[in-house]
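Visitor: Mind having a look at this structure? Questions to follow.
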Amino acid sequence: MTLQWRPTAPTRAERANPVLQLPALRALQDLDPDIRSRLRTLLLDLQRDARMRAHKCWVTHKPPMAAYWAAVGVYAGHLAKALR
Numbered sequence: 003m004t005l006q007w008r009p010t011a012p013t014r015a016e017r018a019n020p021v022l023q024l025p026a027l028r029a030l031q032d033l034d035p036d037i038r039s040r041l042r043t044l045l046l047d048l049q050r051d052a053r054m055r056a057h058k059c060w061v062t063h064k065p066p067m068a069a070y071w072a073a074v075g076v077y078a079g080h081l082a083k084a085l086r
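The opening position of the sequence shown corresponds to residue 3 in our numbering, with each subsequent residue numbered one higher.
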């Protein structure tokens, strides 16, 4: 008989933002507030850029790249929100 690791059921916030379940997030949350703020600004810039790239790719009929950039934007936003 083998035991399998089963994660605890995610909270409502963790379902909306899966980054909250990552163990390494605690290290980022423990950073100096000024560093966290700068990192959050960088991630929000990345999110805006990725959303613009996704839109441009969609308009130019490149759906795989549009999906890629959309995902980049979503995860950048999740990380930025986790650093509040």
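We treat Cβ as the ideally placed atom computed from N, Cα and C, and that holds for glycine.
(1) If residue 58 sits next to residue 19, beta carbons under 8 Å apart, how far is it from one beta carbon to the other, in whole angstroms?
(2) Is the CB-CB distance between residue 45 and residue 81 below 7 Å?
(3) Quick one, which of 79, 86 and 29 has its alpha-carbon nearest residue 50's?
(4) Return helix, strand or coil for residue 25, following the three-state DSSP convention.
(5) In terms of residues, what are the limits of the alpha helix (DSSP H) holding residue 20?
Guide: According to the structure data:
(1) The Cβ separation is near 26 Å, so there is no contact.
(2) With contacts defined as CB atoms closer than 7 Å, residue 45 and residue 81 qualify as a contacting pair.
(3) Residue 79 is the option with its Cα nearest to residue 50.
(4) Looking at residue 25 - three-state DSSP - the assignment turns out to be coil, as it is neither helix nor strand.
(5) DSSP places residue 20 in no alpha helix (DSSP H); its state is neither H nor E.
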